[in-house]
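Report on the structure given below.
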Amino acid sequence: MASELKNLSNFEGTDVPNAENMSFGIVWAEWNHSITSALKNGAHETLLKYGAKEENIKIKTVPGAFELTLGGQYMAEFGNVDAIICLGCVIQGDTKHFDFICNSVALGITDLNIKYNKPFIFGVLTTNTQEQALDRVGGKHGNKGDEAAVTAIKMLGLKNSF
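Remember, our numbering sits 63 above the position in the sequence shown when you count from 1.
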């Protein structure tokens with residue numbers, strides 16, 4: 064979604080519902096901690112900005128991006144939340160490990176949306192370099208954590224509109 068011309072944290076012209084009566088889980092990967100903690104902080108602050116109550120936000124960590132799927136499932140089963148935001152960062156290396164992790168996490172989070180009939184938000188950076196990741200957690204492209212939080216709110220707004 065990000066490009067040279069797009070700041071992920073710019074929501075001008077979009078209608079973001081009030082999150083006061085919504086509950087959220089944030090599951091974030093500890094691997095690439097400096098990046099993922101910034102994603103988590105961005106998501107948390109954005110939820111509060113749009114009216115979510117602190118007591119309606121549950122935050123849990125998992126070791127790495129691969130574990131986000133099971134961590135998200137645990138949040139759905141035991142967290143009593145309306146939407147789950149999954150945050151992580153996988154940076155391209157010299158092996159195919161990047162491809163396997165990114166594909167597995169994307170498919171796993173997609174499956175959770177269907178299995179639980181609730182929003183599981185894919186907030187996983189899949190970048191070529193550390194610099195690209197930094198650009199997406201407060202750099203020139205804003206913070207992908209902000210975008211993930213707004214996506215969760217909007218998806219719950221959609222669900223509530225039916």
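Ideal placement from N, C-alpha and C gives every residue a C-beta, glycine not left out.
Quantities reported herein were computed from a predicted structural model and do not represent experimental measurements.
Please state if the CB of residue 184 and the CB of residue 218 are separated by a distance shorter than 9 Å.
By one-based count along the sequence shown, residue 218 stands at place 155. By one-based count along the sequence shown, residue 184 stands at place 121. Result yes, Cβ atoms of residue 218 and residue 184 sit closer than 9 Å.
Using the Cβ count rule (16 or more neighbours within 10 Å means buried), how would you classify residue 129?
Numbered from 1 along the sequence shown, position 66 holds the residue referred to as residue 129. By the neighbour-count rule (16 or more Cβ atoms within 10 Å), residue 129 is buried.
Please determine if the segment 80-88 and the segment 105-116 are in contact, where contact requires at least 3 C-beta pairs separated by less than 8 Å.
Taking 8 Å as the limit for Cβ pairs, the verdict is that the segment 105-116 does touch the segment 80-88.
Provide the residue(s) that pair with residue 220 in DSSP beta bridges, ordered along the chain.
In the sequence shown, the residue the question calls residue 220 occupies position 157. Residue 220 is not bridged to any residue.
Supposed close pair residue 139, residue 207 - CB separation, criterion 8 Å:
One-based indexing of the sequence shown puts residue 139 at position 76. One-based indexing of the sequence shown puts residue 207 at position 144. Their Cβ separation, rounded to whole angstroms, is 22 Å, which puts residue 139 and residue 207 out of contact at 8 Å.
For residue 152, write down the residues that DSSP places opposite it in a beta bridge.
In the sequence shown, residue 152 corresponds to position 89, counting from 1. Residue 152 pairs with 188.
By DSSP's criteria, residue 120 is part of a beta bridge. Which residues make up the other side?
Counting from one through the sequence shown, the residue named residue 120 turns up at place 57. The partner list for residue 120 (beta bridge, DSSP) reads 87.
Close Cβ partners of residue 161 (< 8 Å) along its chain, the five nearest in sequence each way excluded
Along the sequence shown, read from residue 1 onward, the residue named residue 161 stands at position 98. The residues are 153, 154, 155 and 189.
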